[in-house]
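By the numbering used here, the letter at position 61 of the sequence shown is numbered 62, and the numbering carries on one by one without gaps. Data first, discussion second: the structure below is written as structure tokens.
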Amino acid sequence: MIEYYSGTWCGNCPCAHQALNDIKNTYPQTIALSYHGGGNDPWQNFNGDQVRTLLGFSASAAGIIDRTSNQVGYSSWMTRVSDRYSNFQMSPVNLNVTAKSFNSVTRTLDMTIDATALENLTGQYKISFVLTEDNLVYPQNYYSQCGTPGYVNNYVHSHVVRSMVNGASGENLNSGAWNQNETVTKNISTVLDAGWIPENCRVVIFVYKESTSLNVSNVQQAIEESVIGTTGITGNSGSVENYSLSQNYPNPFNPATNVSFTIPKDGNVSFRVFDSKGSEVRNYLNAYLQSGTYNVQIEGSDLPSGVYFYELRTDDFREAKRMILLK
Numbered sequence: 002m003i004e005y006y007s008g009t010w011c012g013n014c015p016c017a018h019q020a021l022n023d024i025k026n027t028y029p030q031t032i033a034l035s036y037h038g039g040g041n042d043p044w045q046n047f048n049g050d051q052v053r054t055l056l057g058f059s060a061s062a063a064g065i066i067d068r069t070s071n072q073v074g075y076s077s078w079m080t081r082v083s084d085r086y087s088n089f090q091m092s093p094v095n096l097n098v099t100a101k102s103f104n105s106v107t108r109t110l111d112m113t114i115d116a117t118a119l120e121n122l123t124g125q126y127k128i129s130f131v132l133t134e135d136n137l138v139y140p141q142n143y144y145s146q147c148g149t150p151g152y153v154n155n156y157v158h159s160h161v162v163r164s165m166v167n168g169a170s171g172e173n174l175n176s177g178a179w180n181q182n183e184t185v186t187k188n189i190s191t192v193l194d195a196g197w198i199p200e201n202c203r204v205v206i207f208v209y210k211e212s213t214s215l216n217v218s219n220v221q222q223a224i225e226e227s228v229i230g231t232t233g234i235t236g237n238s239g240s241v242e243n244y245s246l247s248q249n250y251p252n253p254f255n256p257a258t259n260v261s262f263t264i265p266k267d268g269n270v271s272f273r274v275f276d277s278k279g280s281e282v283r284n285y286l287n288a289y290l291q292s293g294t295y296n297v298q299i300e301g302s303d304l305p306s307g308v309y310f311y312e313l314r315t316d317d318f319r320e321a322k323r324m325i326l327l328k
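And the structure:
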């Protein structure tokens, strides 16, 4: 599991994202948690966001592998991950999701998880539940070593931490010795914010052994589950059949609002915002996207109050909707 500090303002972070993609191509079971922070990043505030301090992050594009050391730069991630897969293949803990349900009306996610010790364990073990979201479209800064310098509007952000459901440090699993084959059952219930797209959200569940500081509290086991769909299957639902463009939420808004859209097939997609006179004020997306569900966060802090229109356009579909910025 890789936990790293990221930000839309961070020019080195696209390099870190590419390093992570390379790792996931080589080791597909690798789980990533992206803790955004700093600047005007739209996702820096979340339940449990003090985890950034507890893990000791002092630089962006730095990560911690399985909580085994201090932060390291993205150029070292592959080596660290390879070492973990090669030399620490057996975990002393097993995690199993035994029940999961998501109520699309109340947006409530309920899960039951069994944690089983595979050997006699001593010390304090804790369990964390973390909600992440993929396919978030928002401008990303680039430094020259990562691509063309400047901000790229088409950037799609993944594994963005939305909530540490049971806090930055999780909760205790055992009280006293945790004996081999002993199972501890945990239940969670959490409500997804209205601006989050359930099809793009995942739950990361991991167990770690408490130590002197969080960054060296070794992760014993980690799994990832989709919020919707069958237990054990992660990722987008894969059932997008039609083009759609949602009404922004909240509306009216100040300073930011969210819009979701679906595309049933791969293709060129643009997403733009216009003022009431038809002048373009934002160009968030002009790129080739894979089919799926996406979310765009529209930022209006530097725009005057008024009526605006946002438009989704593909080769086969075009739709625009009205929204109000009210300061």
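Yeah, the Cβ is synthetic: ideal placement off N, Cα and C, and Gly gets one too.
- Under the three-state reduction of DSSP, residue 3 is assigned to strand.
- The residue among 37, 33, 50 with its C-alpha nearest the C-alpha of residue 82 is 33.
- Residue 204 and residue 164 have their C-alpha atoms spaced approximately 10 Å apart.
- The continuous alpha helix (DSSP H) containing residue 86 extends over residues 78 to 88.
- DSSP places residue 21 in the uninterrupted alpha helix (DSSP H) bounded by 14 to 27.
- Secondary structure at residue 211: coil, using DSSP grouped into helix, strand and coil.
- Shown here for residue 99: same chain residues with a beta carbon closer than 6 Å to its own, the five before and five after excluded, namely 113, 115 in chain order.
- Nearest C-alpha to residue 273 among 154, 317, 184, 292: 154.
- DSSP places residue 55 in the uninterrupted alpha helix (DSSP H) bounded by 52 to 55.
- Residue pairing of residue 321 in beta bridges, as defined by DSSP: 312.
- For residue 222, the secondary structure class from DSSP, reduced to helix, strand or coil, is strand.
- Across the set 304, 319, 316, the C-alpha of 304 shows the shortest separation from the C-alpha of residue 325.
- Taking every protein chain shown into account, the CB of residue 172 has fewer than 16 other CB atoms within 10 angstroms, so this residue is exposed.
- Closest in C-alpha terms to residue 141, from the list 159, 257, 70, comes 159.
- Excluding sequence positions up to five before and after residue 310, its CB lies within less than 6 Å of the CB of 275, 321, 323, all in the same chain and listed in chain order.
- According to the DSSP assignment, residue 146 belongs to no beta strand (DSSP E), since it is labelled neither H nor E.
- In the three-state reduction of the DSSP assignment, residue 241 falls in the coil class, being assigned neither a helical nor a strand state.
- A direct Cα-Cα distance of roughly 22 Å separates residue 23 from residue 292.
- Nearest to residue 146 by C-alpha distance, out of 134, 17, 286, 313, is 17.
- Annotated as proximal: residue 36 and residue 52, with beta-carbon spacing under 8 Å.
- Per DSSP, the beta-bridge partners of residue 263 are 245, 294.
- Shown here for residue 282: same chain residues with a beta carbon closer than 8 Å to its own, the five before and five after excluded, namely 274, 275, 276, 304, 309 in chain order.
- Three or more pairs of CB atoms, one per stretch, sit closer than 8 Å, so the stretch 86 to 100 contacts the stretch 117 to 127.
- Within a 10 Å sphere around the beta-carbon of residue 242 sit fewer than 16 other beta-carbons, which makes this residue exposed.
- Sixteen is the threshold: since fewer than 16 other Cβ atoms of the shown chains lie within 10 Å of the Cβ of residue 46, the residue is exposed.
- Assignment of residue 75 by DSSP, reduced to helix, strand and coil, places it in the helix class.
- Taking a cut-off of 8 Å for Cβ pairs, the stretch 210 to 222 and the stretch 120 to 130 touch, as three or more such pairs fall below it.
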